[in-house]
Ligand SMILES: *Cc1c(COP(=O)(O)O)cnc(C)c1O
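Residue numbers (UniProt numbering): 1 to 431.
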C-alpha cells in the first residue's frame, strides 16, 4: 500500500499539531505505523491523500450513518450556508430539531443542544446533581463518556486503546465522587448504593467504547428498577447509539426509558452537535428556566442544525435498521468462519449496526473480558484490512459501523478482506 503522502503530512503535522492529530485514536498508536490522512469521501467510500480507496467502516466514529455527502443532506446544508453561519440568537431550525429529537425519545420533553458528546454528558451530570442535590455518580468500567474530568476513570475508547487507567491532570477531588461498577453485573451497582449520596448512574446502554458489548435484558431491567426505587437518576449515554441502534436509540430497542438522555454523533450528521434531554420536571432546572447554568456560543449552530435535521429526516425515511441487522449478521458469520478455517480464537460482538471482533477465546461481556483480546493479532488484522480496502478504527476497542450507503459489492469486498486478513493472522501467530 502506497502511503507516501500520508507519511509526508504526518511528518510535517507533528511539528505544530500534537501528534499530528486532534483526537488521540487517530494517531494509530496501538496498531503502529503512520496515521492515514484523508482527502475526501463520498457515499460508502473514503479516499486517502495517496489515492487509496476504502470502504469506510469508521464513518467518523459513527456520525456518517447515511454515508458521506448524502445528496439530500448536502443540498440542505448548502442552502443554509447562504443565510449565514452563526447569529447568537435563536433560529427555527433549532425548534424543528428539538421536535424531531423529543419525538424519537419519549423520555425527553425538552432538550438542550450543545457542541459535542462530551459537553452533553458533562452537562447531564451537572443536571443530575442539581436535580437530586446529591454528588456521587456511578459509571461502568470500560464505558466512555467523553473527556470531562469526573468521567475519565476506567474509561474505554482511547484510554483503553492506550492502556491507561485515567488521565494525568485530573485532580483526585474531581473523581472522588465517581464510583466504578462492572457492566452486566448488578451486584457491583448495588454495592455502591449503600452510599446515600448517589445522584445518578450513567451507562452506555449498548457499550461501544470497549468494543461492542451488549447488556443482558435482565441487567437493564434491574438498573431501571434499582434507580427508580432509590430515587437515583438513570442517565443513558446514547451519544453512539442514538439514532443508530434504532431511530429511538438503544432505549427503543431495549425497551426502557432513561431519566436523562445524552446524544451526539449521528444527531449532527457530521457537524458538531450534542444534546441532552429529559422530562420537563428535570429540564426545568436548566437556565434560563432554572438555576443550573449551561451555555454555548455556537450551541444550536444553524448549519449544524440543518445538517442534523436533514440527516434525521432522511434516516427516518430510509428506516435501515432491519437491513443493518442482516448485514451485521452476515459479517459476524463471515468473520467466525474465516477465524475457524484458520484456527484463530475469535469472538464477534454486535448490536444493530455496531460490530467488532475480539481476538480471544473468552466470551466478552465486560471490560475485563474485553481486555483478554490479543491486540497484536488485531494489529496484523487491521493492516491487512486496510491494504485490502477496508477503513477500520485503528483499535481493538472501537466499534465498526455500517452506513446505509454500503452496497452489496462493498460488503463482499469487506468479506474478502476478512478472509485474507484472518489468513495473515494465522500465518503470523499459529506455529
Ligand atoms: C463519542 C462518545 C462520547 C464523546 O463524544 P464527543 O463528541 O467525542 O465529545 C461520549 N459518550 C459516548 C458513548 C461516545 O461514544
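Ideal Cβ placement from N, Cα and C applies to all residues, glycine included. All figures in this text were calculated on a predicted structure; none of them were measured in a lab.
- Annotation: residue 182 to residue 210 spans about 12 Å, alpha carbon to alpha carbon.
- Where residue 285 is concerned, there is no enclosing alpha helix (DSSP H), because DSSP gives it neither an H nor an E.
- Assignment of residue 126 by DSSP, reduced to helix, strand and coil, places it in the helix class.
- A straight line joining the alpha-carbon of residue 17 with that of residue 4 spans about 19 Å.
- By DSSP's assignment, residue 262 forms a beta bridge with 237 and 276.
- Residue pairing of residue 184 in beta bridges, as defined by DSSP: absent, with no partner found.
- Excluding residues up to 5 positions away in sequence, 215, 216, 219, 365 and 366 lie with their Cβ nearer than 7 Å to the Cβ of residue 184 in the same chain.
- Taking C-alpha positions only, residue 383 is separated from residue 280 by approximately 49 Å.
- The set of residues with CB atoms less than 5 Å from any heavy atom of ligand 1 reads, in chain order, 116, 117, 118, 145, 146, 204, 237, 239, 240 and 264.
- About 6 Å separates the Cβ atoms of residue 258 and residue 107, confirming a contact at the 8 Å cut-off.
- Separation of residue 289 and residue 89 (C-alpha to C-alpha, rounded to the nearest whole angstrom) is 17 Å.
- Approximately 16 Å separates the beta-carbon atoms of residue 189 and residue 134; this is outside 8 Å, ruling out the contact.
- Residue 295 and residue 376 have their alpha carbons spaced roughly 44 Å apart.
- With a 10 Å radius around the Cβ and a threshold of 16 neighbouring Cβ atoms, residue 251 comes out buried.
- Taking 8 Å as the cut-off, the Cβ atoms of residue 1 and residue 238 do not count as close.
- According to the DSSP secondary-structure assignment, residue 138 is paired through a beta bridge with 179 and 201.
- About 6 Å separates the CB atoms of residue 242 and residue 266; that is less than 8 Å, so the two are in contact.
- Taking the Cβ atoms as the reference, residue 112 lies roughly 6 Å from residue 286, within the contact range of under 8 Å.
- Checking the DSSP bridge columns, you'll see residue 191 has no partner listed.
- Residue 246 has 242 as its beta-bridge partners, per DSSP.
- Positions of the beta strand (DSSP E) runs, each at least 3 residues long and wholly inside the segment 18-69, are given as 38-42, 45-48 and 53-56 in order along the chain.
- By the Cβ neighbour-count rule, residue 169 is exposed, with fewer than 16 other Cβ atoms within 10 Å of its own.
- Its chain contains 143 and 237 as the residues whose beta carbon lies nearer than 6 Å to that of residue 204, once the 5 sequence neighbours on both sides are disregarded; these appear in chain order.
- Per DSSP, residue 212 is not a residue of any alpha helix (DSSP H), being assigned neither H nor E.
- Residue 202 holds the alpha-carbon nearest to the alpha-carbon of residue 121 among 334, 7, 202 and 45.
- It is roughly 12 Å from the alpha-carbon of residue 319 to the alpha-carbon of residue 311.
- With respect to residue 6, residue 47 sits apart: the two C-beta atoms are not nearer than 8 Å.
- By the neighbour-count criterion, in which 16 or more other beta carbons inside 10 Å mark a residue as buried, residue 300 falls on the buried side.
- Approximately 15 Å separates the beta-carbon atoms of residue 25 and residue 10; this is outside 8 Å, ruling out the contact.
- Taking C-beta atoms under 8 Å as the contact rule, residue 411 and residue 360 fail to qualify, at a distance of about 25 Å.
- When beta bridges are read from the DSSP output, residue 112 appears opposite 276.
- In its chain, beyond the 5 residues on either side, 110, 111 and 113 have a beta carbon closer than 8 Å to the beta carbon of residue 98.
- Residues of the same chain with a CB within less than 8 Å of the CB of residue 81, apart from the 5 flanking positions on each side, are 303 in chain order.
- By the neighbour-count criterion, in which 16 or more other beta carbons inside 10 Å mark a residue as buried, residue 357 falls on the buried side.
- By a beta-carbon distance limit of 8 Å, residue 136 contacts residue 195. Their separation comes to about 6 Å.
- By the criterion of a C-beta distance shorter than 7 Å, residue 298 is surrounded in its chain by 86 and 115, once the five residues flanking it on both sides are discounted.
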